[in-house]
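Written as structure tokens, this is what we have:
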């Protein structure tokens, strides 16, 4: 499970917050990683894994705090969500590149929380902070279900 | 004849965002404006009142791709102000850390950001479909650079281990074992990359640039040296303000640097290479010849070859330093706060990065000034865009726009260092 984002830029760090809330609540074979800035390194982070859950902030779509769940083995990342794409290579590009090179795990789920304020130094917006707790709960549920079934399914 | 304006709304495959507006009138490009909207001056203000020891950690936040460059320029400046010298294995470790940054930054740019331009691909992902092995090689190179930065810096992004006076902790020799193996493979990959990019089609374009870089008596410049040019400039880092100035232009919030007496100049791999060719090892110079590049290269499109050569050099240099490494007794030289002024100038992947600090008696920062390489290249980029456009006016507008973007990417601009937003817009009149 990889929390992605920049903790110094307001809601951009919400992915990191979510995975920190899950520390100690995940099965032992799940590794939690925090990935700040270098999206290409994600390809190394998930190398050799059967499944990965990505948690990141999404660009504002008008509903700050709204949680999007995308099954990347079925659907592409909606470009309007603009996950971590302030640099030359963002999450979508890392996923697309890994897919092209055959370096993407069989199961990839992305949780994207719509952000509102990405200003440097800003705290989390209230709806986004609230959503982090909910996203963490959903992910924990999903992981418990996958322990039983052996695969991550739509919870 | 109607005036035509070409703008690109969002330059892809550059670090950060920026805007370009190119005006064409009566069949000639009349102006190119690289519009950069920035809060980087915020950092110069942010630093005021902070302690000198905080400079490397704060300035590293200016850039996620070249944090080591900021850390190095800042610690060298502070150490000059405080009158301390960091030498021996600590100096070598700093050079080694910087090699890691050159490797990861150049690998990313050459393979993922720039190569697609030459091969006609939309982006690195499209290119990966046909050149999967090359892209895999680029990723492996980048990983080797990142791994090296982690061993010394403690973390890949914004290394935590750098301090004024040296490091907080120095690695044991054994900690380099894994990355040493990775660097040997990386070196081979780098040579292969040079041979690959050497086959690319290069526009027949040259300009009589004034190249500016560091020059050191003994080594290819990374952390130390005098500031020199191919037009006779030869000054100490502390005399930067005698020859350079920053001008504010209406269309950009990143200040543009110029040579007071001559105007635009170019920093980065091409400048380093041209001014320090004699300090490259013989096998790198031979590889350059094999790739069709002589000791002086004035074609900015061939910067991709030069970046590849610097990749080879950085791998070689890293392996050399690791082989000679002995863990020093003390990770740092103790800095003692005192009032003073210090200058530091180091070679970031994109060119010289200059810092100047004034410190008060208690060690707090009174003033800070930072000249980032991409700011210094701005005027050159604009001049290139006009020239390139003039030679390519027979192209369709789409192709011309692509050529403009490729021209900008020759500089591997780190817009985040000089600003935060770049939008490219194309419009015709």
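Chains as they are written, first to last, in our numbering: chain A, 1 to 155; chain B, 156 to 584.
From the three backbone atoms N, C-alpha and C, an ideal C-beta is built for every residue, glycine too.
Predicted model, so just to flag it, every value in this text is computed and none were measured.
Between residue i and residue j, what straight-line distance do the alpha-carbon atoms span, to the nearest angstrom?
i, j, result
"residue 539/B", "residue 243/B", "42 Å"
"residue 151/A", "residue 56/A", "22 Å"
"residue 253/B", "residue 497/B", "21 Å"
"residue 86/A", "residue 187/B", "Low confidence applies to residue 86/A: its pLDDT is 48, below 50, so where it sits in the model is not reliable, and the reading given next is rough at best. Each residue's Cα considered, the two are about 24 Å apart."
"residue 415/B", "residue 364/B", "15 Å"
"residue 34/A", "residue 389/B", "45 Å"
"residue 452/B", "residue 446/B", "12 Å"
"residue 357/B", "residue 245/B", "41 Å"
"residue 327/B", "residue 102/A", "36 Å"
"residue 313/B", "residue 212/B", "8 Å"
"residue 333/B", "residue 37/A", "24 Å"
"residue 301/B", "residue 261/B", "12 Å"
"residue 48/A", "residue 183/B", "55 Å"
"residue 282/B", "residue 130/A", "41 Å"
"residue 557/B", "residue 349/B", "23 Å"
"residue 22/A", "residue 65/A", "18 Å"
"residue 78/A", "residue 366/B", "44 Å"
"residue 373/B", "residue 431/B", "10 Å"
"residue 145/A", "residue 137/A", "12 Å"
"residue 27/A", "residue 147/A", "8 Å"
"residue 141/A", "residue 20/A", "16 Å"
Give the secondary structure of residue i by DSSP, where H, G and I count as helix, E and B as strand, and everything else as coil.
i, result
"residue 71/A", "strand"
"residue 395/B", "helix"
"residue 157/A", "Given that chain A is displayed from residue 1 to residue 155, the structure contains no residue 157/A and the question cannot be resolved."
"residue 512/B", "strand"
"residue 142/B", "In the structure as shown, chain B begins at 156 and stops at 584. Residue 142/B is therefore absent and cannot be evaluated."
"residue 160/B", "strand"
"residue 61/A", "coil"
"residue 14/A", "helix"
"residue 339/B", "helix"
"residue 310/B", "coil"
"residue 56/A", "strand"
"residue 274/B", "helix"
"residue 452/B", "coil"
"residue 221/B", "coil"
"residue 487/B", "strand"
"residue 242/B", "coil"
Spell out whether any CB of chain B is found under 7 Å from the CB atom of residue i.
i, result
"residue 38/A", "yes"
"residue 10/A", "no"
"residue 115/A", "no"
"residue 101/A", "yes"
"residue 22/A", "no"
"residue 97/A", "yes"
"residue 44/A", "yes"
Is there at least one Cβ from chain A nearer than 7 Å to residue i's Cβ?
i, result
"residue 312/B", "yes"
"residue 416/B", "no"
"residue 283/B", "yes"
"residue 287/B", "yes"
"residue 298/B", "yes"
"residue 219/B", "yes"
"residue 280/B", "yes"
Excluding the five sequence neighbours on either side, which residues of its own chain have a C-beta within less than 7 Å of the C-beta of residue i, listed in chain order?
i, result
"residue 391/B", "381"
"residue 94/A", "39, 40, 42, 43"
"residue 346/B", "442, 467"
"residue 121/A", "8"
"residue 424/B", "458, 461, 462, 465"
Among the residues of its own chain, which have a CB less than 6 Å from the CB of residue i, if the five just before and after it don't count?
i, result
"residue 495/B", "236, 514"
"residue 198/B", "217"
"residue 551/B", "none"
"residue 279/B", "267, 271"
"residue 509/B", "395, 500, 526"
"residue 401/B", "410, 412"
Using 8 Å for Cβ pairs, my map puts residue i next to residue j. What's the rounded Cβ distance?
i, j, result
"residue 3/A", "residue 16/A", "4 Å"
"residue 370/B", "residue 417/B", "Actually they do not touch by this definition, with Cβ atoms about 18 Å apart."
"residue 318/B", "residue 208/B", "7 Å"
"residue 520/B", "residue 204/B", "7 Å"
"residue 292/B", "residue 344/B", "4 Å"
Leaving out five residues on either side along the sequence, give the residues of the same chain with a beta carbon under 8 Å from the beta carbon of residue i.
i, result
"residue 535/B", "364, 419, 420, 421, 566"
"residue 379/B", "231, 369, 371, 501"
"residue 124/A", "10, 11, 13, 14, 17, 132"
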